[in-house]
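Chain order of the listed sequences is A and B. Per our numbering: the first sequence ends with 412, consecutive numbering throughout. Per our numbering: the second sequence ends with 305, consecutive numbering throughout. The C-beta atom is built at its ideal place from N, Cα and C for all residues, glycine as well. Predicted model, so just to flag it, every value in this text is computed and none were measured. Have a look at the structure below before the remarks.
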Amino acid sequence: MTRVPARGLGRGALAVALLGSIAAFSSPAAAADKAAILLPGSINDQSWNALGYQILKSLESHGFTTAYSENVGDADEAEALRDYASQGYEIVMGHSGRFVSAMQQVAPDFPKTQFIAVSGNEGADPNVMSIDWNNAQFGCQLGLLAARMSKSHQVGGVYGLQGVPNITAQAGGFRICAEKAGAKVSIVYVKDMEDAAGAKEAALSLIGQGADVITGKLNAAETGLVQAAKEKGVYVTGRGFDQTEIAPDLVLTNIIEDWPGMFGSTADQVKQGKLFGTFVQYGYDTAPVTGASLWYEKDKAFNPVVPADVAKEVSDLAGQFQSGALKVEPTDNDARPGT
Amino acid sequence: MTIDIIAAAIRIATPLLFAALGGLLSERSGVFAVGLEGMMLAGAFAAIIGASATGSALGGIALAIVGGAIIATAVAVIAVRYRADNMVTGLAANILALGLTSYLLRVIAGGGAPASIHLDPLASWPIPYLSDIPTIGPLLFDQPPLTYLAVIGCVLMSLFLRRTQAGLTLTATGENPEAVFASGSSPMRVRMIAIITGGAIAGLGGAVLSLQQVGTFTDGMTGGRGYLALASLIVGRWTPWGAAIACLAFGAAEALELRMQTFGVPVSSYIVQMVPYLIALAVLAGIGRSSRMPASIGQPLPR
C-alpha cells in the first residue's frame, strides 16, 4: 500500500494506491502503468460510487496499479485531476459526466494522459473521452418487449433526473420503440433514485392508470418497481442480478451493465499508446464488447413467459443495431414525463 | 381515479403518521423532534434485520421499536440530561443513524459489500364484512397491519394526552416545567421517557417503509420523510388528529404530483416534484405565530 499525496482534495478525500500482487508478479514489465479514479461520493454507497471502485479494480487485471480519491467536490475536481496526471498516471478517470469540463481545462497540460469521464456524453481532442453504454439501444429493446407483453397496450417507465443524457437516451428509446410497436407509454420521474418506497408509489400510479408492464432506470430504488409489479401482478424489467429472484414470474429481463468490459477494452488500447478524444459509446454496434446485455438468469436473456417469437423479435433488434440498419436517437421530448 | 389517489395518500401517510405521533410526544414534553428522520431510519433497518433473523414480521416490528428507541435515547441523554441544543442534537442523530445503518448493513454481510436482504412485504389483512362494502371496503378495510396500527396509535395518543394523568404531566412539562417540578414530578424524567417512547413509535414508521412497503433496506431509505413528519405535526398543531390530517394532505399532494406528470402538464418534472413541499411551506408560513406551540419547547430545564 502506497499513500499518494493528494493536495487540494476536499475533507475526507483519500488516495490510496492499491497494488494487486498477482498482477505485479505476472506482468512486472507493466508495473509502471497507473490508473486512478476520482469519485464524487464514497466507495461504499452500494451504488454509483461502489461501481466506480469496481471499474478501477477491474483494470488491475489489465496490468494497472490503481489509486482512488473519494468525496471529490465540484471545486476540487481540476486540482485532483492535475495531481494524478502530474504523478504520471496514464489513465485518470472521473466518475460522472460532470468531470468533463474540469478535464477539458486540465488535459492540455498533460498530453500523454488519457482522461475518461464515466457515463459522460462528450469528449475533447486529443485526450478527454467519455465512456457509456448505449442506453437508447437497450431502452428500445425494453420498449418493444414491454409493448409485446402488454395486454392493455399501456406500458410505463419510472426514471430519475430528467434531462441527464443517459436517462433521456433510455427513457426516450423505450418510448420510441414501445410506441412504434403500438403501445401507449407513460413516463414519470421520481425525486430520488435511491428511494425504493417512493419508486414503488410511482410505479403503482402508472399501474393504477392501466399500465401492465413497467420499466425504469433507478439505483437502489429499482427494487421498489419490482415490488410494485409483484403486488399488482404485472410484468417488470430490472437492472440487477438479484431482481429476478424477487419476482421470478414477473421480471421479464434485466439490463446488466458491463463496465469492466468497456473499460478493459479502452485501457488495453491506451496502454499501446492510443489516445481517445471523443465520446465512446458501447452498444450492439461495437460487439463483441456491447457495454450491457439482457439477462434473466444464467444463460437466459428472457423470462420463460416471453413467447419465442417475441424473444426473437427483441433479439433481432440487436442485429439491426449491430449492422447499423436501425438507429435510435431519442430527444428530450421523447423522454418527457407524461403520456 | 379519486379512489386511486386516496389509496396512495393513505400509503404515503402511514409512515409519516407514526413518525409524527412519536415526534408529538417529544415536542409536547418540550423538546424539538428534529431527530425523527434518524429514528425512522434506525427503525427501518432494525425491522429488516429483526424479521430476517427471527423469520417473523413480529420480530421485525419489535426490533424496529428498539432501533428507534436507541437513537432516541442518545437524543434524550444529550438534549435533556446534558442540555444540548435540540436542533443540533437532532441533526446529529440523523447523521449518526445514516452512517450507522449503512455501516451495519455491510458488517452483517462481511467483506465490505452491503447485505442484500429481500423479504415479502407484509400482506394486507382484510377485515371481514367491512372489506366487502363496495368502494370504501377495499379502500379502508383491506390494509396491511401497520396501517391499522397507525390509526389505533392515533386514537390511543389522543386519549393519552387528554384523558390520563401521565398525559397531562407530559403536556404540563412542555408548557411549564417549573410547575411540574413543584408538583413533585421530575421534568427531566418526563422528557426523557417522552423522547424515547416517541423514538420507538417513529421506529415503527421506518418499519412501514422497509417491512410493509418494499421488503428491503437501502441506505438512507427514509429520504427526508422524518422532516415531512415534523412539518405534519406542526401543521397539525401538536394534536394527533391534526397531524393525521396533515400527513394525509401531504400524501395526497405527493400522489397528485406523480399523477400530474402523466397528465402531461407541460412543466419540468423537477417543478412538479416540488409541489408537496411548497404546500408544506405555504401552510407553515400561514400558521406562523398563531400556532399553539408548547411554551417551553427548546428550552433546557432549569438547573
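| query | In terms of residue numbering, what span does the alpha helix (DSSP H) encompassing A/Ala398 cover? | reply | No alpha helix (DSSP H) contains A/Ala398, which DSSP labels as neither H nor E.
| query | Between A/Ala109 and A/Val165, is the Cβ-Cβ spacing less than 7 Å? | reply | Yes, Cβ-Cβ distance for A/Ala109 and A/Val165 is below 7 Å.
| query | Comparing alpha-carbon positions, which option in B/Ala99, B/Ala76, B/Ala246 and B/Gly217 lies nearest B/Ala157? | reply | Before going on, a small fix: residue 157 of chain B reads as Val here, not Ala. The option with the nearest alpha carbon to B/Val157 is B/Ala246.
| message | Using DSSP's beta-bridge definition, name the partner residues of A/Gln187. | response | Checking the DSSP bridge columns, you'll see A/Gln187 partnered with A/Ile164.
| query | Do you know whose CA, among A/Arg155, A/Val237, A/Asp198 and A/Asp405, lies nearest A/Val179's CA? | reply | Checking every option, the nearest Cα to that of A/Val179 belongs to A/Arg155.
| request: Run the CB neighbour count on A/Tyr308, radius 10 Å, all protein chains shown included, and call it buried at 16 or more, exposed below. | output: Answer is buried; the Cβ neighbour count reaches 16.
| When DSSP builds the beta bridges, which residues end up paired with A/Ala108? | According to DSSP, which records beta bridges pairwise, A/Ala108 is partnered with A/Thr139 and A/Ile164.
| Is A/Met335 helix, strand or coil when you go by DSSP? | The answer is helix: DSSP assigns A/Met335 an H, G or I state.
| query | In chain B, what lies closer than 9 Å to A/Gln393 by C-beta? | reply | By Cβ distance, chain B contributes nothing, its closest Cβ being about 31 Å from A/Gln393, past 9 Å.
| Neighbourhood of B/Ser118 by C-beta, 6 Å cutoff - its chain only, sequence neighbours within 5 removed | Excluding residues within five positions, none has a Cβ falling inside 6 Å.
| Interfacial residues, the region 255-278 of chain A to chain B, with Cβ spacing under 7 Å | Of all residues in the region 255-278 of chain A, Ser259, Val261, Tyr262, Lys264, Asp265, Glu267, Asp268, Ala269, Ala270, Gly271, Lys273, Glu274, Ala275, Leu277 and Ser278 have a Cβ within less than 7 Å of some Cβ in chain B.
| message | Taking 6 Å as the limit between beta carbons, can you name the residues of its chain near A/Arg248, skipping five residues before and five after? | response | Close CB contacts of A/Arg248 within its chain, under the 6 Å cut and outside five residues either way in sequence, are with Val258 and Asp407 (chain order).
| task | Provide the residue(s) that pair with B/Gln145 in DSSP beta bridges, ordered along the chain. | result | B/Gln145 is bridged to B/Trp127.
| query | Buried or exposed: B/Arg193, going by 16 or more other Cβ atoms within 10 Å of its Cβ? | reply | Taking all protein chains shown into account, B/Arg193 has 16 or more neighbouring C-beta atoms within 10 Å of its C-beta and is therefore buried.
| request: Closer than 8 Å by beta-carbon distance: list the chain B residues that pair up with A/Asp315, in chain order. | output: For A/Asp315, the chain B residues whose Cβ falls inside 8 Å of its Cβ are Ser118 and His120, in order along the chain.
| message | What does the alpha-carbon distance come out to for the pair A/Gly392 and A/Tyr357? | response | Distance between the alpha carbons of A/Gly392 and A/Tyr357 is about 7 Å.
| field | Closest residue to B/Glu209 among B/Thr149, B/Leu93 and B/Ile236 (Cα-Cα distance) | value | One detail in the question is off: residue 209 of chain B reads as Ala in this sequence, not Glu. Distance check between B/Ala209 and each of B/Thr149, B/Leu93 and B/Ile236 places B/Thr149 closest, using alpha-carbon atoms only.
| Is any beta-carbon of chain A found at less than 7 Å from that of B/Thr309? | Outside the displayed span of chain B (3 to 305) sits residue 309 of chain B, for which this structure offers no information.
| request: Starting from A/Gly311, follow the alpha helix (DSSP H) in both directions and report where the run begins and ends. | output: Segment Tyr308 to Gly311 is the beta strand (DSSP E) holding A/Gly311; no alpha helix (DSSP H) there.
| task | Note down, in chain order, each residue of its chain lying with its Cβ closer than 7 Å to the Cβ of A/Gly313, except the 5 sequence neighbours on either side. | result | The answer, listed in chain order, is Glu295 and Asn327.
| query | Could one say the Cβ of A/Pro410 lies closer than 7 Å to chain B's Cβ atoms, at least one of them? | reply | Yes, its Cβ sits closer than 7 Å to a Cβ of chain B.
| task | Find the nearest neighbour of B/Ala99 within the set B/Phe183, B/Met42 and B/Ser298, judged by alpha-carbon distance. | result | Of the candidates B/Phe183, B/Met42 and B/Ser298, the one whose C-alpha sits nearest the C-alpha of B/Ala99 is B/Met42.
| task | Whole angstroms is fine: what's the gap from A/Gly346's alpha carbon to A/Asp285's? | result | The alpha-carbon of A/Gly346 is positioned some 51 Å away from that of A/Asp285.
| query | If you check the beta carbons only, do B/Ala9 and B/Cys249 fall under 7 Å apart? | reply | Between B/Ala9 and B/Cys249, the C-beta gap is not smaller than 7 Å, which leaves the two residues out of contact.
| request: Quick one: grab the DSSP three-state call for A/Thr75. | output: Reliability of the predicted coordinates at A/Thr75 is poor, the pLDDT of 39 falling under 50, and no value is obtained from them.
| query | Cα separation between B/Phe265 and A/Ser278? | reply | Rounded to whole angstroms, B/Phe265 to A/Ser278 spans 12 Å at the Cα level.
| said: Pull the bridge partners of A/Gly233 from the DSSP assignment, please. | reply: Looking at the DSSP assignment, A/Gly233 forms a beta bridge with A/Val263.
| query | For A/Arg84 and chain B, any beta-carbon pair shorter than 7 Å? | reply | Note that A/Arg84 scores 35 on pLDDT, short of 50, meaning its location in the model is unreliable; the coordinates nonetheless yield the value given after this. Taking Cβ atoms only, chain B never reaches closer than 7 Å to A/Arg84, which makes this a no.
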